[in-house]
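The sequence shown runs contiguously to residue 1762 in this note's numbering.
Notes follow once the structure below has been shown.
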Amino acid sequence: RLLGPEQVREKVAEQLRRSRARSDALTAAVDDDDLVRQHSKLMSPLVWDLAHIGNQEELWLVRDVGGREPVREDIDQLYDAFQHARANRPSLPLLSPVEARRYVREVRDKVFDVLETSPLEGRRLVEQGFAFGMIVQHEQQHDETMLATHQLRVGAPVLRAPDPAPATRPVKREVFVPAGPFTMGTSTEPWALDNERPAHRVHVDAFYLDTVPVSNGEYLDFIAAGGYDQPRWWSEVGWAHRQRAELFAPRFWERDGDGWVRTRFGVVEPVPVDEPVVHVCFHEAAAYAKWAGKRLPTEPEWEKAARFDPATGRSRRYPWGDEDPGPEHANLGQRHLRPAPVGSYPLGESALGARQLVGDVWEWVDSDFRPYPGFAAFPYREYSEVFFGGDYKMLRGGSFGTDASAVRGTFRNWDHPIRRQIFSGFRCARDASPAEAR
Ligand code: AVJ
Ligand code: FE
């Protein structure tokens, strides 16, 4: 799997071009007023994301890896995510759309120059193109954030993509995950970020995991059964939040006569029953699971179901094997602007038989954000370390809005348990009985 410097150079160049094409598309879709507007207190104006992408790229690739003169040192503070809360970003003296576009182009030109001359080996930061890979992933992460901003934007639709094909639900509703150790995390995946490292053995008790994510149709049953009105399905914090925030359905859903409609990128449509439910918070996911007589999986359980191959005892890079994601494996990369129906992507199945673990919707799991044993912050504390122990729950597997370069079997995402503007869904798990576990 290790690439020579020339292969790394080619791969990096291609990935940089792909991420920029996506950022360009997401920011070209709306006019300048829309780019500087704040569509939700939870989000930055799109023009902030764009210049922030350029600024991170300048800090790591132009200045650190390249050792070049700064392109613009005066704007570092403006685009430091830790200096200004998202809610305050619109009032900052941000670069205008024209200036932001010029800035990211100037940075990118220098980066291609650095890429030409960097030895891409010797220093851990550039070994296998790590710093470039980190910046590609950073841009793609913000592209998913920008897609979430588009979903919050009010107005005529501007983003379009073909719908995924219909699917048949697999026969088995649950897969059995046998008891025993497996290797969680990675020490060898070249572009894995610090919180995915190092590889370590973890024991997992036998359990059952839903073969596919929970669908809108199933979630509608929970609503119809009064799930939002009965505190017994909710944790104490979850119920307090449900009351305070007046939750009654996933975000972007509205009642329409006897049924429900939801708005997706500006288009109102009947809630599609076969699609994985999306835009639910952790508390809603946990309440549904309890109502269904189940629970959410933990992070080690999710990763074992996704990566463990009982035939070899090895952990795979992805559910389907070690091959990079292709369109036959998973709904990634904003190819479709919605999750694919439950049961899609049989070729993306894990060794244990679970589908759609990667792509479609981020899956809430019942674990807090903690470092793996042997964790070392790299290359900066602010990617992961400063978030450990905070009020976060983990999300795994990526969504239709996540790029293939920004998700792996080991990839760890996190957010506050009340957030639902992200492309978040879930699937359920349950313990195996002692007899089944043997
Ligand atoms: C890993 C998705 C939680 O968007 O807050 C982007 C990624 N870190 N810029 C986020 C990130 C710095 C991060 N998540
Ligand atoms: Fe960022």
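C-beta atoms are modelled at their ideal positions from N, C-alpha and C, and glycine is treated no differently.
Every value quoted in this text rests on a predicted model; they were computed, and no experiment measured them.
Rounded to whole angstroms, what's the CA-CA distance from Asp1400 to Asp1373? Just pull it up for me.
-> 13 Å
What residues are listed by DSSP as bridge partners for His1524?
-> Met1508
Specify which residues have a beta carbon nearer than 7 Å to any heavy atom of ligand 2, listing them in chain order.
-> His1376, Gln1380, Ala1405, His1462, Gln1465 and His1466
Same chain, Cβ closer than 7 Å to Tyr1707, neighbours up to 5 away in sequence not counted | Cβ within range, chain order: Leu1517 and Asp1518.
Kindly give me the distance between the Cβ atoms of Lys1434 and Gly1504, rounded to whole angstroms, as I take these residues to be in contact under 8 Å.
-> About 50 Å; that fails the 8 Å criterion.
With DSSP collapsed to three states, give me the class of Val1422.
-> helix
Who pairs with Met1367 in a beta bridge, going by DSSP?
-> Partner(s): none; Met1367 has no beta bridge.
Report yes or no: is there a C-beta of chain D within less than 8 Å of the C-beta of Gly1562?
-> Looking at the structure shown, chain D is missing, and only one protein chain is on hand.
Can we count Trp1577 as close to ligand 1, meaning its CB is less than 7 Å from some heavy atom?
-> no
Exposed unless 16 or more other CB atoms sit within 10 angstroms - verdict on Ser1415 = exposed
Do you know whose CA, among Arg1396, Gln1331, Leu1471 and Lys1614, lies nearest Arg1662's CA?
-> Leu1471
Any chance the CB of Trp1738 is under 7 Å from a heavy atom of ligand 1?
-> yes
Tyr1696 Cβ short of 7 Å to ligand 1 heavy atom set = Because no heavy atom of ligand 1 lies under 7 Å away, the Cβ of Tyr1696 does not count as near it: no.
Go through its chain and collect everything with a Cβ distance to Glu1382's Cβ below 6 Å, but skip five positions before and after it.
-> For Glu1382, same chain residues with a beta-carbon under 6 Å away, outside a window of 5 residues either side, are Val1395 and Val1431 in chain order.
Buried versus exposed call for Val1710 [16 or more other C-beta atoms within 10 Å across all chains shown] | exposed
Coarse secondary structure for Ser1343, derived from DSSP in three states | helix
Is it true that the CB of Val1731 sits closer than 8 Å to the CB of Pro1621?
-> no
Thinking Val1332 and Gln1452 are a contact (beta carbons under 8 Å), I'd like their distance in whole angstroms, please.
-> Confirmed, about 6 Å.
Between the CA atoms of Glu1593 and His1565 - distance to the nearest angstrom = 28 Å
Between Tyr1696 and Arg1448, is the Cβ-Cβ spacing less than 8 Å?
-> no
Tell me whether the beta-carbon of Ser1539 lies closer than 8 Å to the beta-carbon of Pro1600.
-> yes
What three-state label does DSSP hand Tyr1642 in the structure shown?
-> strand
C-beta atoms of Arg1413 and Ser1368 nearer than 8 Å | yes
Any heavy atom of ligand 1 closer than 7 Å to the CB of Tyr1403?
-> no
Span of the alpha helix (DSSP H) holding Arg1754?
-> No alpha helix (DSSP H) contains Arg1754, which is instead part of the beta strand (DSSP E) from Ala1753 to Asp1755.
Measuring from the CB of Tyr1707, is there a heavy atom of ligand 1 at a distance below 7 Å?
-> yes
Would the beta-carbon of Ala1761 fall within 8 Å of that of Leu1533?
-> Against a cut-off of 8 Å, the Cβ pair of Leu1533 and Ala1761 comes out as no contact.
Skipping 5 residues on each side, what residues in its chain have a beta carbon closer than 7 Å to that of Gly1657?
-> Correct list, in chain order: Asp1727 and Ala1728.
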